[in-house]
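Peer 1: The letter at position 42 of the sequence shown is residue 77 when you use this note's numbering, and the numbering goes up by one with no holes.
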Amino acid sequence: MSPTPAPYRGRFAPSPTGDLHFGSLLAAFGSWLLARQAGGRWLVRVEDLDPPREVAGAARRQLETLSAFGLHADEEVVWQSRRGALYQTALSRLLELDRAFHCHCSRTDLAVAAGVHRACVARPPRPDPAVRLRVPDSSIVAFDDLIVGHYRQDVARSVGDFVLRRADGYWAYQLAVVVDDADQGITDVVRGADLLDSTPRQILLQKALGLPVPRYAHLPLVLGPDGRKLSKSDASQPVDGDRPLAGLRAAWLRLGQDPAVLADCEHLPDLLARSVAAFVPTAIPAQTADARELSFASVTMAGLGAGNGD
Ligand code: GLU
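#1: Check whether the segment 191 to 202 and the segment 162 to 172 are in contact - that is, three or more C-beta pairs closer than 8 Å.
#2: Can you round the beta-carbon distance between residue 81 and residue 49 to whole angstroms, since I take them to be within the 8 Å contact cut?
#3: Where does residue 150 land, buried or exposed, given buried means 16+ other C-beta within 10 angstroms?
#4: Around the Cβ of residue 63, are there at least 16 other Cβ atoms within 10 angstroms (buried) or fewer (exposed)?
#5: Could you pull the start and end residues of the alpha helix (DSSP H) that residue 206 belongs to?
#6: Assign residue 85 to one of three DSSP states: helix, strand, or coil.
#7: Helix, strand or coil, according to DSSP, for residue 346 in the structure here?
#8: What is the C-beta distance between residue 116 and residue 84, in whole angstroms, given that I count them as a contact (C-beta under 8 Å)?
#9: Tell me the DSSP bridge mates of residue 114?
#10: Ignoring anything shorter than 3 residues or poking outside the segment 115 to 186, list the beta strand (DSSP E) runs there in chain order.
#11: With a floor of 4 residues, list each alpha helix (DSSP H) that falls wholly inside the segment 219 to 306, ordered by position along the chain.
#12: Mapping the DSSP letters down to three states, classify residue 322 as helix, strand or coil.
#13: Is it right to say residue 238 is buried, meaning 16 or more other beta carbons lie within 10 angstroms of its own, or is it exposed?
#14: For residue 221, count neighbouring Cβ atoms within 10 angstroms of its own Cβ and tell me buried if that reaches 16, exposed if not.
#15: For residue 282, which residues from the same chain have a beta carbon less than 7 Å from its beta carbon, with the 5 sequence-adjacent residues on both sides left out?
#16: Please list, in chain order, all residues with a C-beta atom less than 6 Å from at least one heavy atom of the ligand GLU.
Shown next, in the form of structure tokens:
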């Protein structure tokens, strides 16, 4: 008899480096839709691990914006800044297993190898070494993304031994995300395609720590009019929490869904209920090579024009 699959648990995990922009709304709405349609739970985790890049008040505003869009977490919001003890336990285990090591190399030392660490260069020890995961040669990781399809990376060649705890003492995203996804029982990681190439590192870490590997789905990115990815620190394009219907319609369209389904919805609960009922995951477009096809301007204008205002 095959084991009963774990009940679906998804999440949205913004870093508070600015207000939510359209790309974050897409990740929030896409992960929410997939969780709701699977009858699962949807969690929110604030990834406030990097105080130098954090914008004061951004986390609170992001949570308020999610609420304004009717996207409510099913469990209490988790804050990474309060979970150092969990990350320390995982790091100690990797050090004990000799899967991780202290590294005294500087950025300048690694510049000749385009930042890829394969072996420490001889240099006087520094008081604040980073800790890296030891990535053996030919560490090839492959997985089947639910949207992008098969993806394969030679982690040793592309990124090398990667940082788990930074020289400045802060936890690295790769370690924290793996520990938290496992601790929160996340079965499905749905996020932007900008993190596709981080996934092999996360799978290596899950295996090193003996943790389950969740399913992955990487949503298409939303690019600015100049063809560059929008980042949360690009404060020019925050989503408007006062006009949730327009924002959700635009995200719905970018997720490859039929705009007619939501065209005559005038109330947020109605729009959300209809979107869950009509959502077709297989229609989500995979990230394409041609960046300009995904222009923020064209998606937003089409979404805003697709129905009633808010
Ligand atoms: N905190 C990351 C971001 O805001 C997302 C991490 C994830 O979804 O794994 O880009």
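Note that the Cβ used here is the ideal one computed from N, Cα and C, for glycine as well. Quantities reported herein were computed from a predicted structural model and do not represent experimental measurements.
Peer 2: Looking at the atomic coordinates:
#1: yes
#2: 7 Å
#3: exposed
#4: buried
#5: Careful: residue 206 lies outside any alpha helix (DSSP H) and carries neither H nor E.
#6: coil
#7: No answer is possible for residue 346: it lies beyond the span of the chain, which begins at 36 and ends at 345.
#8: 7 Å
#9: 81
#10: 135 to 138, 165 to 168, 175 to 180
#11: 234 to 244, 279 to 289
#12: coil
#13: buried
#14: buried
#15: 60, 104, 274, 275
#16: 48, 49, 50, 82, 212, 226, 230
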